[in-house]
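Scroll down for the structure; my scribbles are underneath it.
Number of protein chains: 2
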Amino acid sequence: MLIDDDFFMSLAIDEAWKYQGLTYPNPAVGCTIVGENKELLAIEAHKCAGMPHAEVLALQSAYFKLTNDAKILDLVDSSEIHNYLLLHHNNCFKNISLYSTLEPCSHIGKTPSCASLICSLGIKEVFVGVRDANIVASDGASMMLENKVDVKYTTLQKRAKDLILPFERFNKDQFVFFKWAQRLNATTDTGVISSQSSRQKVHAMRDVCDLLIIGGNTVREDRPTLDARLVDGKAPDVLILSRGVEFDREIPLFSVPSREVYIEDSLKRIKNYKNIMIEGSFNMFELTKDIVDIYLCFLAPTMGGVSGFEDAKAGFEILYTNQEDKDIMLWMKREI
Amino acid sequence: MLIDDDFFMSLAIDEAWKYQGLTYPNPAVGCTIVGENKELLAIEAHKCAGMPHAEVLALQSAYFKLTNDAKILDLVDSSEIHNYLLLHHNNCFKNISLYSTLEPCSHIGKTPSCASLICSLGIKEVFVGVRDANIVASDGASMMLENKVDVKYTTLQKRAKDLILPFERFNKDQFVFFKWAQRLNATTDTGVISSQSSRQKVHAMRDVCDLLIIGGNTVREDRPTLDARLVDGKAPDVLILSRGVEFDREIPLFSVPSREVYIEDSLKRIKNYKNIMIEGSFNMFELTKDIVDIYLCFLAPTMGGVSGFEDAKAGFEILYTNQEDKDIMLWMKREI
Numbered sequence: 001m002l003i004d005d006d007f008f009m010s011l012a013i014d015e016a017w018k019y020q021g022l023t024y025p026n027p028a029v030g031c032t033i034v035g036e037n038k039e040l041l042a043i044e045a046h047k048c049a050g051m052p053h054a055e056v057l058a059l060q061s062a063y064f065k066l067t068n069d070a071k072i073l074d075l076v077d078s079s080e081i082h083n084y085l086l087l088h089h090n091n092c093f094k095n096i097s098l099y100s101t102l103e104p105c106s107h108i109g110k111t112p113s114c115a116s117l118i119c120s121l122g123i124k125e126v127f128v129g130v131r132d133a134n135i136v137a138s139d140g141a142s143m144m145l146e147n148k149v150d151v152k153y154t155t156l157q158k159r160a161k162d163l164i165l166p167f168e169r170f171n172k173d174q175f176v177f178f179k180w181a182q183r184l185n186a187t188t189d190t191g192v193i194s195s196q197s198s199r200q201k202v203h204a205m206r207d208v209c210d211l212l213i214i215g216g217n218t219v220r221e222d223r224p225t226l227d228a229r230l231v232d233g234k235a236p237d238v239l240i241l242s243r244g245v246e247f248d249r250e251i252p253l254f255s256v257p258s259r260e261v262y263i264e265d266s267l268k269r270i271k272n273y274k275n276i277m278i279e280g281s282f283n284m285f286e287l288t289k290d291i292v293d294i295y296l297c298f299l300a301p302t303m304g305g306v307s308g309f310e311d312a313k314a315g316f317e318i319l320y321t322n323q324e325d326k327d328i329m330l331w332m333k334r335e336i
Numbered sequence: 001m002l003i004d005d006d007f008f009m010s011l012a013i014d015e016a017w018k019y020q021g022l023t024y025p026n027p028a029v030g031c032t033i034v035g036e037n038k039e040l041l042a043i044e045a046h047k048c049a050g051m052p053h054a055e056v057l058a059l060q061s062a063y064f065k066l067t068n069d070a071k072i073l074d075l076v077d078s079s080e081i082h083n084y085l086l087l088h089h090n091n092c093f094k095n096i097s098l099y100s101t102l103e104p105c106s107h108i109g110k111t112p113s114c115a116s117l118i119c120s121l122g123i124k125e126v127f128v129g130v131r132d133a134n135i136v137a138s139d140g141a142s143m144m145l146e147n148k149v150d151v152k153y154t155t156l157q158k159r160a161k162d163l164i165l166p167f168e169r170f171n172k173d174q175f176v177f178f179k180w181a182q183r184l185n186a187t188t189d190t191g192v193i194s195s196q197s198s199r200q201k202v203h204a205m206r207d208v209c210d211l212l213i214i215g216g217n218t219v220r221e222d223r224p225t226l227d228a229r230l231v232d233g234k235a236p237d238v239l240i241l242s243r244g245v246e247f248d249r250e251i252p253l254f255s256v257p258s259r260e261v262y263i264e265d266s267l268k269r270i271k272n273y274k275n276i277m278i279e280g281s282f283n284m285f286e287l288t289k290d291i292v293d294i295y296l297c298f299l300a301p302t303m304g305g306v307s308g309f310e311d312a313k314a315g316f317e318i319l320y321t322n323q324e325d326k327d328i329m330l331w332m333k334r335e336i
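Protein chains in written order, with the UniProt record's numbering: chain A, 1 to 336; chain B, 1 to 336.
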């Protein structure tokens with residue numbers, strides 16, 4: 001296997017996908033750092049808003065590998081890591097190469113700018129996945145070029161672009177993703193489908209969603225809570241897509257604090273929201289197909305149940321897949 | 001992400017899985033080499049019998065990275081690579097670490113022994129996935145220990161063991177795997193399901209299988225050839241599992257040269273074969289469940305067709321998954 005620039009960039013892309021859906025309102029970003037002998041020093045990703053950017057985490061790990069100074073590993077705050085690196089780097093980064101799936105940011109937001117950090121540390125070579133279209137954060141590339149950083153663009157443009165598709169969408173107006181869990185025989189009914197780990201991941205996604213859309217039948221049959229309790233997170237507002245408005249108000253989702261629940265027969269409500277998850281099966285899949293940007297399938301390696309997607313007609317492009325504990329996660333774009 | 005011994009071993013395991021089903025009668029083996037600063041120098045796998053072992057390919061790549069002597073890259077024959085390394089290594093491997101999913105072999109088969117090569121090159125540290133139970137090839141670990149190589153065992157025992165399950169089976173008596181292609185909605189009918197790349201992979205597997213088992217209905221409906229033409233490979237013998245023996249002899253599979261075709265209503269025939277692939281859908285899945293060691297599903301990210309696995313009941317453990325062009329490959333062990 002070729003261990004080259006594409007390989008290092010693809011490690012960064014894969015790592016970033018693991019946190020897709022969790023970084024809102026920030027993009028999913030990954031970063032790999034290799035040393036002067038192309039030794040792999042760090043592979044990191046941005047995990048959630050308020051946490052350090054991927055580049056900062058990668059520089060933190062790489063600094064430890066290069067200097068053996070373990071004090072930096074105690075720092076969790078991005079500003080503290082920035083400051084520590086600026087004070088102690090002693091030109092250790094001089095010959096490294098940094099691979100970032102997204103152009104390093106040039107603005108000071110929740111954390112200081114990554115591009116300025118890269119310049120201050122004297123890093124000579126930065127590979128960029130895609131340019132950042134976000135007007136506030138962008139043009140880190142120009143800043144780096146002015147500071148004599150050799151900025152190169154990856155050949156894995158398509159994969160780097162796929163990775164920030166959700167960010168581009170919610171940055172522009174809103175991002176809508178359809179999540180479902182199914183067995184290998186396409187069923188979605190009869191008991192729990194996904195493993196505990198997959199369900200935790202869904203709760204972590206709900207925690208950063210502002211609206212969750214679900215079908216009326218699912219509410220009546222499953223009597224769900226639709227919160228983020230498995231990760232101690234906040235519960236999103238809920239839109240129950242239903243012609244009838246009568247629901248047993250003892251169904252737990254109605255009693256979750258600090259949440260609005262709407263029961264409506266249209267999707268007009270979504271205009272007020274930015275990061276929207278739809279959970280459902282075949283019926284919701286059909287009803288929402290015109291508004292969905294990306295599909296996320298949790299596929300359990302089991303066969304059972306009664307029905308689900310057996311009659312569906314669709315074609316997808318797989319953007320990323322990985323094993324999540326016992327299940328498979330499939331991030332997909334719909335083609336047909 | 002932690003870049004540690006487990007990470008390097010898992011790179012080797014993942015690389016080896018890419019050639020699972022293709023290495024018969026050899027095991028699928030992967031090898032990672034890292035330099036003295038833990039820089040990643042090579043990730044390689046054994047690709048098919050007669051080709052160099054994973055360790056030899058990894059040492060070849062690593063030698064080039066360490067010395068910049070490109071002449072070694074022209075060599076394809078394992079003995080030539082061995083000899084070149086022995087003549088020119090000049091102690092460049094002294095501080096490397098080698099991670100092999102399987103204990104390096106100690107016997108001279110189609111290629112010279114990897115364990116003796118490791119000893120001759122002065123490698124100080126070797127991480128082993130699992131011990132080799134093959135009596136002829138095994139005890140490379142003892143040879144290395146006698147030569148003061150620091151032999152360590154990975155903590156990823158379970159994954160390394162899963163990887164050589166097919167080898168252990170055909171080494172003992174025979175290995176039987178069930179391969180099917182399905183859409184995301186579990187259908188297996190109505191036209192081509194898998195991408196060209198997936199079909200090539202199946203042909204490459206047929207090339208090393210000695211028996212292919214298929215159901216009578218599939219033969220009548222699909223009128224298949226069941227050869228390995230997409231990879232210019234040899235066609236395996238075919239067992240058509242069928243109560244009725246009347247088939248249109250114009251069906252292409254009957255005209256493939258150098259192949260036996262059996263039409264039988266039992267699986268007794270398999271006792272004469274070592275590496276056996278079953279291709280089919282739900283019916284064959286049910287009929288063969290008692291003899292199958294591993295399942296391989298090519299999952300296309302499409303929904304359509306009419307029927308397939310919708311009524312199946314089963315539970316699997318996923319051993320390995322990866323994207324194969326547009327499809328997903330799932331290697332699984334059946335649990336229920």
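Here a beta-carbon is modelled for each residue, glycine too, at the ideal position from N, C-alpha and C.
- Is Lys333 (chain B) helix, strand or coil by DSSP? DSSP places Lys333 (chain B) in strand when its eight states are reduced to three.
- Partners in chain A for Ser272 (chain B), counting only beta-carbon separations shorter than 7 Å: With the sequence shown as reference, residue 272 (chain B) is identified as Asn, and Ser is not the correct amino acid for it. Residues of chain A whose Cβ lies closer than 7 Å to the Cβ of Asn272 (chain B) do not exist; the shortest such Cβ separation is about 31 Å.
- State the Cα-Cα distance for the pair Gln174 (chain B) and Leu59 (chain A), rounded to the nearest angstrom. Gln174 (chain B) and Leu59 (chain A): Cα-Cα distance of roughly 50 Å.
- Task: Please specify which runs of the beta strand (DSSP E), each continuous and at least 3 residues long, are wholly inside the stretch 64-126 of chain A, giving them in chain order.
- Result: Within the stretch 64-126 of chain A, the runs of beta strand (DSSP E) that reach at least 3 residues and sit entirely inside it are, in chain order, 97-102.
- Task: Report yes or no: is there a C-beta of chain B within less than 8 Å of the C-beta of Ala28 (chain A)?
- Result: By this cut-off, Ala28 (chain A) is not an interface position.
- Message: With H, G and I counted as helix, E and B as strand and the rest as coil, what does DSSP make of Arg159 (chain B)?
- Response: Residue state, collapsed to three classes: helix.
- Message: Classify Ala49 (chain A): buried if its beta carbon has 16 or more other beta carbons within 10 angstroms, exposed otherwise.
- Response: Looking at its Cβ environment, which holds fewer than 16 other Cβ atoms inside 10 Å, Ala49 (chain A) is exposed.
- C-alpha gap between residue 341 (chain B) and Asp69 (chain B), whole angstroms: The requested residue 341 (chain B) does not occur in the structure, where chain B is confined to residues 1 to 336.
- Query: Along the stretch 29-41 of chain A, what residues have a CB closer than 8 Å to any CB found in chain B?
  - Reply: Residues passing the 8 Å Cβ filter: Val34, Gly35, Asn37, Lys38, Glu39, Leu40, Leu41.
- Message: Suppose you measure from the CA of Glu324 (chain B) to the CA of Gln323 (chain A); what does that come to, to the nearest Å?
- Response: Between Glu324 (chain B) and Gln323 (chain A), the C-alpha separation is close to 15 Å.
- Task: Just tell me which of A:Leu41, A:Arg199, A:Lys271, A:Leu117 has its CA closest to the CA of Asp232 (chain A).
- Result: It is A:Arg199 whose Cα lies nearest to the Cα of Asp232 (chain A).
- Message: Along the chain, where does the beta strand (DSSP E) containing Val238 (chain B) start, and where does it finish?
- Response: 237-241 is the span of the beta strand (DSSP E), which, as asked, contains Val238 (chain B).
- Message: What does the alpha-carbon distance come out to for the pair Lys313 (chain B) and Asp311 (chain A)?
- Response: When rounded, the distance between both Cα atoms is 19 Å.
- Task: Quick one: measure Cβ to Cβ for Leu165 (chain A) and Ile13 (chain A), integer angstroms, because I've assumed they're closer than 8 Å.
- Result: Contact check for Leu165 (chain A) and Ile13 (chain A): beta-carbon distance about 12 Å, past the 8 Å limit, so the pair fails to qualify.
- Is the Cβ of Met205 (chain B) closer than 8 Å to any Cβ of chain A? Met205 (chain B) does not count as touching chain A.
- Should Pro301 (chain B) be flagged as near chain A, meaning a C-beta pair shorter than 8 Å? Yes, contact with chain A.
- Message: Any beta carbon from chain A within less than 8 Å of Met51 (chain B)'s own beta carbon?
- Response: By this cut-off, Met51 (chain B) is not an interface position.
- Query: How about Leu184 (chain A): is its C-beta nearer than 8 Å to some C-beta of chain B?
  - Reply: True, the Cβ-Cβ gap to chain B drops below 8 Å.
- Message: Can you tell me which residues form a DSSP beta bridge with Asp327 (chain A)?
- Response: In the DSSP output, where bridge partners are listed per residue, Asp327 (chain A) has A:Glu324.
- Excluding the five sequence neighbours on either side, which residues of its own chain have a C-beta within less than 6 Å of the C-beta of Asn147 (chain B), listed in chain order? For Asn147 (chain B), where only same-chain residues beyond five positions count, the Cβ hits under 6 Å are Cys119.
- Message: Once the 5 residues before and after Glu55 (chain B) are set aside, which same chain residues still bring their CB inside 6 Å of it?
- Response: These residues qualify, in order along the chain: Cys31, Ser100, Pro104, Cys114.
- Nearest-angstrom Cα distance between Phe170 (chain A) and Asn275 (chain A)? Between Phe170 (chain A) and Asn275 (chain A), the C-alpha separation is close to 6 Å.
- Taking C-beta pairs closer than 7 Å, name the residues in chain B that Gly109 (chain A) reaches, listed in chain order. What Gly109 (chain A) touches in chain B: nothing, since even the nearest Cβ is about 24 Å away.
- Going by DSSP, which residues form a beta bridge with Phe178 (chain A)? According to DSSP, which records beta bridges pairwise, Phe178 (chain A) is partnered with A:Ile278, A:Tyr295.
- Message: For Ile263 (chain A) and Ser116 (chain A), what's the separation of their Cα atoms in angstroms?
- Response: When rounded, the distance between both Cα atoms is 48 Å.
- Item | Within chain A, partners of Gly304 (chain B) - CB distance below 7 Å | Within 7 Å of the CB of Gly304 (chain B), the CB atoms of chain A belong to Lys313, in sequence order along the chain.
- Query: For Val231 (chain A), which beta-bridge partners are listed by DSSP?
  - Reply: Answer is none; Val231 (chain A) lacks a bridge partner.
- Which one or two residues does DSSP pair with Met303 (chain B) in a beta bridge? BP columns for Met303 (chain B) point to A:Ala314.
- Message: Which same chain residues end up closer than 7 Å to Thr67 (chain A) when comparing Cβ atoms and leaving out the 5 residues on each side of it in sequence?
- Response: Annotation for Thr67 (chain A): Cys92 place their beta carbon closer than 7 Å to its own, counting only its chain and skipping 5 residues before and after.
- Item | Contact belief for Asp210 (chain B) with Pro252 (chain B) at Cβ below 8 Å, rounded distance in angstroms | Their Cβ separation, rounded to whole angstroms, is 20 Å, which puts Asp210 (chain B) and Pro252 (chain B) out of contact at 8 Å.
- In chain order, what residues of the stretch 313-328 of chain B put their CB closer than 9 Å to some CB of chain A? Of all residues in the stretch 313-328 of chain B, Lys313, Ala314, Gly315, Phe316, Glu317, Ile318, Tyr320, Thr321, Asn322, Gln323, Lys326, Asp327, Ile328 have a Cβ within less than 9 Å of some Cβ in chain A.
- Query: the stretch 3-22 of chain A: which residues have C-beta closer than 7 Å to a C-beta of chain B, in chain order?
  - Reply: Residues Ile3, Glu15.
- Task: For Leu230 (chain A), collect the residues of the same chain with a Cβ closer than 7 Å to its Cβ; drop the 5 residues on either side in sequence, then sort them by chain order.
- Result: Answer for Leu230 (chain A): Arg199, Gln200, His203, listed in chain order.
- Within the 8 Å Cβ cut-off, does residue 342 (chain A) reach chain B? With chain A represented from 1 up to 336, any question about residue 342 (chain A) goes unanswered, as that position is not in the structure.
- Query: Which residues bound the alpha helix (DSSP H) around Thr218 (chain B)?
  - Reply: From DSSP, the alpha helix (DSSP H) with Thr218 (chain B) extends over 216-222.
- DSSP beta-bridge partners of Ile3 (chain B): Answer is none; Ile3 (chain B) lacks a bridge partner.
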